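Residue numbers (my numbering), protein chains in the order written: chain A, 187 to 323; chain B, 7 to 779.
Where is the CB? At the ideal position from N, CA and C, for every residue including glycine.
In this text, all values refer to a predicted model and were calculated from it rather than measured experimentally.
Below: one structure, written as structure tokens.
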Amino acid sequence: MNDIDQKLEYPEPKTEKKVSVVKVILGALVCFALLAAVILSNVQQLQLTSEITAKQKEYTDLQSENVRMQTELAGKTSNKNVQEYAENVLGMHPLNPSQVEYIQIQTADVVEIPEEEQNVFVKVKNAFDSFVAYMRG
Amino acid sequence: MNETRKDYEPTAAMKKKAVIGAFGFCMAMAAAVIIKLALLCIVNHDVYAEKANNKHFSRITITANRGSIYDRNGEPLARSATVYKVYIDPNQFQSDMEKIGETMKARQEAIDKGEKLDPNKIVMPIEQLKEEVIQTLAEKLNLTVESVREAAEKDTKYYVLQTQVEKNVADDLMEYLNTYGLTSIKTEEDTKRYYPQNELAAQVIGFTNSDGDGQYGLEAYYNKYLSGTNGRVISATDAKGNEMPYRYSTTFPAEDGSSLYLTLDMTLQYYLEKNLQDMCEKFDVQNRACGIIMNAKTGAVYAMGTYPSFDLNEPSVIYDKATSDYLQSLPQNEYKDAYINAREQQWKNKAITEIYVPGSVFKIFTTAMAIEEQVVDVEKDRFVCSGAYTIPGVPDPIHCHKRTGHGDQSFSEALTNSCNPAFIEVGLRVGIHKFSQYFSAFGLTEQTGIDLPGEGSSIYRPEEKMSTVDLAASAFGQSNSLTPMEMITGIAAAINGGYLVEPHVVDKIVSSEGNVVKSFGTNVKRQVISEESSAQVRKLLQAVVDNNGGSNAYIKGYAVGGKSGTSQKLETGDEDKYVASYACFAPADDPEIVMLIMADEPMGESYYGSKVVAPYARMILEEALPYLGYYPEYTDEEYAKLDVTIPLLLDSQLTSAEETLTALGLQYEVKGNGDTVVGQCPLTGYTVSSGGTVILYTEQDYEPEFVTVPDVKDYTASDANQALVNAGLNHVAVGASADRTDVLVQSQSIPAGEMVEVGTVIQLDYSTNSQGD
Numbered sequence: 187m188n189d190i191d192q193k194l195e196y197p198e199p200k201t202e203k204k205v206s207v208v209k210v211i212l213g214a215l216v217c218f219a220l221l222a223a224v225i226l227s228n229v230q231q232l233q234l235t236s237e238i239t240a241k242q243k244e245y246t247d248l249q250s251e252n253v254r255m256q257t258e259l260a261g262k263t264s265n266k267n268v269q270e271y272a273e274n275v276l277g278m279h280p281l282n283p284s285q286v287e288y289i290q291i292q293t294a295d296v297v298e299i300p301e302e303e304q305n306v307f308v309k310v311k312n313a314f315d316s317f318v319a320y321m322r323g
Numbered sequence: 007m008n009e010t011r012k013d014y015e016p017t018a019a020m021k022k023k024a025v026i027g028a029f030g031f032c033m034a035m036a037a038a039v040i041i042k043l044a045l046l047c048i049v050n051h052d053v054y055a056e057k058a059n060n061k062h063f064s065r066i067t068i069t070a071n072r073g074s075i076y077d078r079n080g081e082p083l084a085r086s087a088t089v090y091k092v093y094i095d096p097n098q099f100q101s102d103m104e105k106i107g108e109t110m111k112a113r114q115e116a117i118d119k120g121e122k123l124d125p126n127k128i129v130m131p132i133e134q135l136k137e138e139v140i141q142t143l144a145e146k147l148n149l150t151v152e153s154v155r156e157a158a159e160k161d162t163k164y165y166v167l168q169t170q171v172e173k174n175v176a177d178d179l180m181e182y183l184n185t186y187g188l189t190s191i192k193t194e195e196d197t198k199r200y201y202p203q204n205e206l207a208a209q210v211i212g213f214t215n216s217d218g219d220g221q222y223g224l225e226a227y228y229n230k231y232l233s234g235t236n237g238r239v240i241s242a243t244d245a246k247g248n249e250m251p252y253r254y255s256t257t258f259p260a261e262d263g264s265s266l267y268l269t270l271d272m273t274l275q276y277y278l279e280k281n282l283q284d285m286c287e288k289f290d291v292q293n294r295a296c297g298i299i300m301n302a303k304t305g306a307v308y309a310m311g312t313y314p315s316f317d318l319n320e321p322s323v324i325y326d327k328a329t330s331d332y333l334q335s336l337p338q339n340e341y342k343d344a345y346i347n348a349r350e351q352q353w354k355n356k357a358i359t360e361i362y363v364p365g366s367v368f369k370i371f372t373t374a375m376a377i378e379e380q381v382v383d384v385e386k387d388r389f390v391c392s393g394a395y396t397i398p399g400v401p402d403p404i405h406c407h408k409r410t411g412h413g414d415q416s417f418s419e420a421l422t423n424s425c426n427p428a429f430i431e432v433g434l435r436v437g438i439h440k441f442s443q444y445f446s447a448f449g450l451t452e453q454t455g456i457d458l459p460g461e462g463s464s465i466y467r468p469e470e471k472m473s474t475v476d477l478a479a480s481a482f483g484q485s486n487s488l489t490p491m492e493m494i495t496g497i498a499a500a501i502n503g504g505y506l507v508e509p510h511v512v513d514k515i516v517s518s519e520g521n522v523v524k525s526f527g528t529n530v531k532r533q534v535i536s537e538e539s540s541a542q543v544r545k546l547l548q549a550v551v552d553n554n555g556g557s558n559a560y561i562k563g564y565a566v567g568g569k570s571g572t573s574q575k576l577e578t579g580d581e582d583k584y585v586a587s588y589a590c591f592a593p594a595d596d597p598e599i600v601m602l603i604m605a606d607e608p609m610g611e612s613y614y615g616s617k618v619v620a621p622y623a624r625m626i627l628e629e630a631l632p633y634l635g636y637y638p639e640y641t642d643e644e645y646a647k648l649d650v651t652i653p654l655l656l657d658s659q660l661t662s663a664e665e666t667l668t669a670l671g672l673q674y675e676v677k678g679n680g681d682t683v684v685g686q687c688p689l690t691g692y693t694v695s696s697g698g699t700v701i702l703y704t705e706q707d708y709e710p711e712f713v714t715v716p717d718v719k720d721y722t723a724s725d726a727n728q729a730l731v732n733a734g735l736n737h738v739a740v741g742a743s744a745d746r747t748d749v750l751v752q753s754q755s756i757p758a759g760e761m762v763e764v765g766t767v768i769q770l771d772y773s774t775n776s777q778g779d
């Protein structure tokens, strides 16, 4: 009997490791959380892009409206409209040329320094000074 | 024997075959899938990728903004802005109305049952609501109620109600429709071109069609620069067509159109067009008038106008009232063609497209070529005019406009008198060959090259076909037909030192980023005459104005040169049709501006250039020269005769008032015994001619004396002065200078027979009585 027992040596059965349910749940939660974070960031990105597009459109519309209003203002203040308003509504008349008096204004005194004649030594010195200034940057 | 379970268990061989079979089947399936995937992803990759892209991606066109047009001072002349197209989905509209009808019905039933409803909830019969919506649409979109009702009942999903609706109108409309939850009426973006100056420089600027492409004028000529290039965005879009962020999205940005900065000056343009209009109205000009103001040295066009013009914001509307009234009177079958002709006519830029016979203005060229060729000695040569000139071998003489003849005259006098026989002789001295050479050298046989579409070409007698009679007629300007643009460019060459320049309207083209894409400077084609000859021409033309100021654009304090012209429109077969024109330049010694004005078929009291056009040329220069920074420099003689502005004398001491008036060269008459001025006539600010009289009242509750205004029309200056002084009135001259002996009163500001206060200023409009052009 003992020989048979000795001959038949069965390997010891492996004991199954019992995985913690808590850890599995936690792991799953972390995965879901990560997934949710990714989805949320994509949603935010979409939302922001949409808002940017809307604001850009609004800006373009307002720019265009500004152009339209500036043009309308330029039309209302044209030379023709201004003259018609001045004559018909305000009862004004264009100036007669003889009503304009021209005054000659004394201009400020100006000092003119005549250029000195330079001999060859002065010219060489000036050229050397210019070269030094150039090398110094 | 008993069968055991072992007998039914599969053998190892069977198991092996089963495994092989199952494996083979799986492999076959896998192979099929792999082959299919390979076909889809590798072999037909491009096909399916394209299909997928067409589904996933959209191509959104980014419309390029059209460039703007500005004058030389940066004033906008043409700009584009976004407007909206309002459209309706009639099928959806009907459906909306039904739904709203049911809602209204339910609300009414609730009210009938005694339930309390939110006061903001509208309750009305659906037909009433429908009618209200239609009325509102018609009112806001400037449509008839019938047309809106008809549109709402169409069997279609898309019908445009109105285009080019401005943002504020579109927003108001959408806000109104949203209160009823109506989604069947929507807007989509559109573009509108605005022209803030309306009819100013209309023929030069041109306009765009419904597709946004330039038609006529600068809009057409520079369409390539103005229109830009559309862009594109390729990216993923959601179900509503909104762009989604996608890492492979590609944007090809739109390249907005470049803007044009012109040489035109809106202020000068306004002066020109205002006076063209006054001239046409006063002299009943039948076939339009045009004018050009140009820099004589650079060719930059400061102003170019045609009257009648048209409103660029409504180019299809006939602007001229007389033409419009005429079209309305036509029967239906004639209206369409007549309207199209009238519309095309008003769009044409007369200054560059139409030719005319220049008349005596052409003598400027004959003068220039004669001086350059030295066939005339300006100081010594004399010309005798007997009223006609007989060309050897030609039986019929050619008459001067003065049938009695000018007699013996110098060359300068001949030019001032605009004597045809004298210029026939000068032309004959120049000769056919030289005349033709100079005619071509002055650019009169070719287009000027101005950057505007539709430029016309001259019709002239070529050298090989020119006879002596043709030369004679050409020499005084009654033979060849030229465009006003050719004329002014040639005249500029005659007075600017001899240089023929290329005229241009655009100064520079600037991209949307602000970079100068193209710049237009002075382009000198050739030198036609020497600077010395040009200086002599200037001097002679200044003498024309100084010696015959009544017929020309003489302005106190300014050196102006000029020449008037009148030509018969022989090509019409009607001898009573004329073209009146006037060319002038200033300052005469170093001209900056050269101006040409032309009135085609004046039918009023006169048709001569000196009477019709010259006064308006003067009025334009009177405003333009100070605007350009040229201030008057009076001679002593002019200074002594300057008009005087009445100062404020009220409440001042009488002695002080008397001294002030004496210092100004005015006389005075004191009424009353007081020593303080309590009333004056004329009032301060009025202008009187030198030596006028101011009435000073020194008693409170004074009663002014009234006199009858005499009729001084057609009086000479001295007679008019005497008549008004005798009546106790003051006067001031406008128009031609009252110093001239050849001027008469054309009109007076206060009609004869009216009772006015003593001392009142009567404005007298003088004009020349000579009609030589």
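Problem set entry | Min CB distance MET187 of chain A to chain B below 7 Å | The residue labelled residue 187 of chain A in the question sits at position 1 within the first sequence. Note on MET187 of chain A: pLDDT 45, under 50, position unreliable in the model; the coordinate value appears next. So no, MET187 of chain A is outside the interface.
Exercise. From TYR466 of chain B to VAL151 of chain B, what does the alpha carbon distance come to, in whole angstroms?
Worked result: Locating residue 466 of chain B in the second sequence gives position 460, counting from the first residue. Locating residue 151 of chain B in the second sequence gives position 145, counting from the first residue. Rounded to the nearest angstrom, the two C-alpha atoms are 59 Å apart.
Exercise. Considering only residues of the same chain and omitting the five flanking positions on each side of TYR168 of chain B, which have a CB-CB separation below 8 Å?
Worked result: Taking the second sequence and counting its residues from 1, the one referred to as residue 168 of chain B is at position 162. The question names Tyr, yet the displayed sequence has Gln at residue 168 of chain B. Taken in chain order, the residues that qualify are LYS91, VAL92, LEU147, ASN148, LEU149.
For this session: Check each residue of the segment 627–651 of chain B: if its Cβ is closer than 8 Å to any Cβ of chain A, include it; give the result in chain order.
Result: GLU628, PRO632, TYR637, PRO638, LEU648, ASP649, VAL650, THR651
Exercise. Name the chain B residues that come within less than 7 Å of PRO283 of chain A, Cβ to Cβ?
Worked result: On the first sequence, residue 283 of chain A is found 97 positions in, with the first residue counted as 1. Within chain B, the residues near PRO283 of chain A are GLU628.
Exercise. Taking Cβ positions, are LYS160 of chain B and PRO96 of chain B nearer each other than 7 Å?
Worked result: Residue mapping note: residue 160 of chain B aligns to position 154 of the second sequence, counting from 1. Residue mapping note: residue 96 of chain B aligns to position 90 of the second sequence, counting from 1. Cβ distance < 7 Å, so LYS160 of chain B and PRO96 of chain B count as in contact.
Problem set entry | Within-7 Å CB hit, TYR288 of chain A to chain B | Start at 1 with the first residue of the first sequence, and residue 288 of chain A comes out as number 102. It does; some Cβ of chain B falls within 7 Å.
Problem set entry | Unbroken beta strand (DSSP E) run spanning THR273 of chain B, endpoints | Translated into positions along the second sequence, residue 273 of chain B becomes position 267. THR273 of chain B -> not in any beta strand (DSSP E); alpha helix (DSSP H) instead, spanning 272–289.
For this session: Give the interface partners of ARG85 of chain B over in chain A, defined as CB-CB distance under 7 Å, in chain order.
Result: As a working mapping, residue 85 of chain B is identified with position 79 in the second sequence. The contacting residues are VAL253, THR257.
For this session: Measure the C-alpha to C-alpha separation of MET187 of chain A and LYS22 of chain B and round it to an integer number of angstroms.
Result: Position 1 of the first sequence, counted from the start, is the residue given in the question as residue 187 of chain A. Position 16 of the second sequence, counted from the start, is the residue given in the question as residue 22 of chain B. Bear in mind that a pLDDT of 45 at MET187 of chain A, under 50, signals an unreliable position, so the model cannot answer this.
Exercise. How about GLN415 of chain B and PHE389 of chain B: are their beta carbons less than 7 Å apart?
Worked result: By 1-based counting over the second sequence, the position of residue 415 of chain B is 409. By 1-based counting over the second sequence, the position of residue 389 of chain B is 383. It is a contact, given that the beta carbons lie within the stated cut-off.
For this session: Pull up the DSSP beta-bridge partners for CYS391 of chain B, would you.
Result: Within the second sequence, the letter at position 385 stands for residue 391 of chain B. Bridge partners of CYS391 of chain B: B:GLY413.
Problem set entry | GLY261 of chain A, DSSP secondary structure in three states | By 1-based counting over the first sequence, the position of residue 261 of chain A is 75. It is helical.
Exercise. SER227 of chain A CB to nearest chain E CB: under 7 Å?
Worked result: Structure shown: chain E not included; protein chains present are A and B.
Problem set entry | Cutoff 6 Å; reference PRO321 of chain B; Cβ partners in own chain excluding five residues on either side | Position 315 of the second sequence, counted from the first residue, corresponds to residue 321 of chain B. PHE213, listed in sequence order.
For this session: Determine, using beta carbons only, whether ARG349 of chain B and ASP606 of chain B come nearer to each other than 7 Å.
Result: Position 343 of the second sequence holds residue 349 of chain B. Position 600 of the second sequence holds residue 606 of chain B. Not in contact: ARG349 of chain B and ASP606 of chain B (Cβ atoms no closer than 7 Å).
For this session: Check GLN203 of chain B in the structure and name its three-state DSSP category.
Result: For this step, residue 203 of chain B is matched to residue 197 along the second sequence. In this structure, GLN203 of chain B counts as coil in the three-state DSSP scheme.
For this session: Throw me the rounded Cβ distance for the MET604 of chain B and VAL585 of chain B pair, which I believe falls under 8 Å.
Result: Position 598 of the second sequence, counting from 1, holds the residue named residue 604 of chain B. Position 579 of the second sequence, counting from 1, holds the residue named residue 585 of chain B. Right, the Cβ-Cβ distance comes to about 6 Å (below 8 Å), so this counts as a contact.
Exercise. Where does MET187 of chain A sit, in a helix, a strand or coil, going by DSSP?
Worked result: Here residue 187 of chain A corresponds to residue number 1 of the first sequence, with the count starting at 1. A caution first: MET187 of chain A carries a pLDDT of 45, below 50, which makes its placement in the model unreliable, though a value can still be read off. Coil at MET187 of chain A, not helix or strand.
Problem set entry | For LEU702 of chain B and LEU3 of chain B, believed in contact at Cβ under 8 Å, the rounded distance | Nothing can be reported for residue 3 of chain B, as the shown portion of chain B is limited to 7 through 779.
For this session: Have a look at LEU274 of chain B and ASN281 of chain B and give me their C-alpha separation to the nearest angstrom.
Result: Counted from its first residue, the second sequence places residue 274 of chain B at position 268. Counted from its first residue, the second sequence places residue 281 of chain B at position 275. One C-alpha to the other measures close to 11 Å.
Exercise. How many Å lie between ASN50 of chain B and ALA37 of chain B at the Cα?
Worked result: Numbered from its first residue, the second sequence carries residue 50 of chain B at position 44. Numbered from its first residue, the second sequence carries residue 37 of chain B at position 31. Distance between the alpha carbons of ASN50 of chain B and ALA37 of chain B is about 18 Å.
Exercise. Based on the DSSP secondary-structure assignment, which residues constitute the bridge partners of GLU194 of chain B?
Worked result: Within the second sequence, the letter at position 188 stands for residue 194 of chain B. DSSP lists B:LYS91 as partners of GLU194 of chain B.
Exercise. Roughly how far, in whole angstroms, is the beta-carbon of ILE787 of chain B from the beta-carbon of LEU547 of chain B, given that I think they are within contact range, below 8 Å?
Worked result: No statement about residue 787 of chain B is possible, as the shown extent of chain B runs from 7 to 779 and does not include it.
Problem set entry | Residues that SER487 of chain B bridges to, as DSSP identifies them | For this step, residue 487 of chain B is matched to residue 481 along the second sequence. Paired residues: B:ILE465.
Problem set entry | Three-state class that DSSP yields for PRO808 of chain B in the structure shown | Because chain B is modelled from 7 through 779, residue 808 of chain B falls outside the range shown and cannot be assessed.
For this session: Return no unless some Cβ of chain A is closer than 7 Å to the Cβ of GLN203 of chain B.
Result: One-based indexing of the second sequence puts residue 203 of chain B at position 197. Judged by the 7 Å Cβ criterion, GLN203 of chain B is in contact with chain A.
For this session: Within the same chain, show all residues whose beta-carbon is closer than 7 Å to that of TYR640 of chain B, passing over the 5 residues directly before and after it, in chain order.
Result: Taking the second sequence and counting its residues from 1, the one referred to as residue 640 of chain B is at position 634. Cβ within range, chain order: LYS562, GLY563, LEU648.
For this session: Could you confirm whether any beta carbon from chain A is found closer than 7 Å to the beta carbon of LYS173 of chain B?
Result: By 1-based counting over the second sequence, the position of residue 173 of chain B is 167. It does: the Cβ of LYS173 of chain B has a partner Cβ on chain A nearer than 7 Å.
Exercise. From ALA319 of chain A to VAL310 of chain A, what distance separates their C-alpha atoms?
Worked result: Within the first sequence, residue 319 of chain A is the residue found at index 133, counting from 1. Within the first sequence, residue 310 of chain A is the residue found at index 124, counting from 1. The alpha-carbon atoms of ALA319 of chain A and VAL310 of chain A are separated by roughly 14 Å.
Exercise. Which residues in the same chain as TYR622 of chain B place their Cβ atom closer than 6 Å to its Cβ, once the five residues preceding and following it in sequence are excluded?
Worked result: By 1-based counting over the second sequence, the position of residue 622 of chain B is 616. Around TYR622 of chain B: ASN281, MET285.
Exercise. Which first and last residues belong to the alpha helix (DSSP H) in which CYS687 of chain B is found?
Worked result: In the second sequence, the residue the question calls residue 687 of chain B occupies position 681. Careful: CYS687 of chain B lies outside any alpha helix (DSSP H), inside the beta strand (DSSP E) at 685–687.
Exercise. So, is the C-beta of GLY261 of chain A closer than 7 Å to a C-beta in chain B?
Worked result: Translated into the one-based positions of the first sequence, residue 261 of chain A becomes position 75. Closer than 7 Å: yes.
Exercise. Is the segment 372–382 of chain B close to the segment 393–403 of chain B, with three or more CB pairs under 8 Å?
Worked result: no
For this session: Determine whether the Cβ of TYR76 of chain B lies closer than 7 Å to any Cβ atom of chain A.
Result: Numbered from 1 along the second sequence, position 70 holds the residue referred to as residue 76 of chain B. Answer no: the Cβ-Cβ gap between TYR76 of chain B and chain A never drops below 7 Å.
Problem set entry | Minimum Cβ-Cβ distance from THR88 of chain B to chain A less than 7 Å | On the second sequence, position 82 is the one that residue 88 of chain B refers to. It does; some Cβ of chain A falls within 7 Å.
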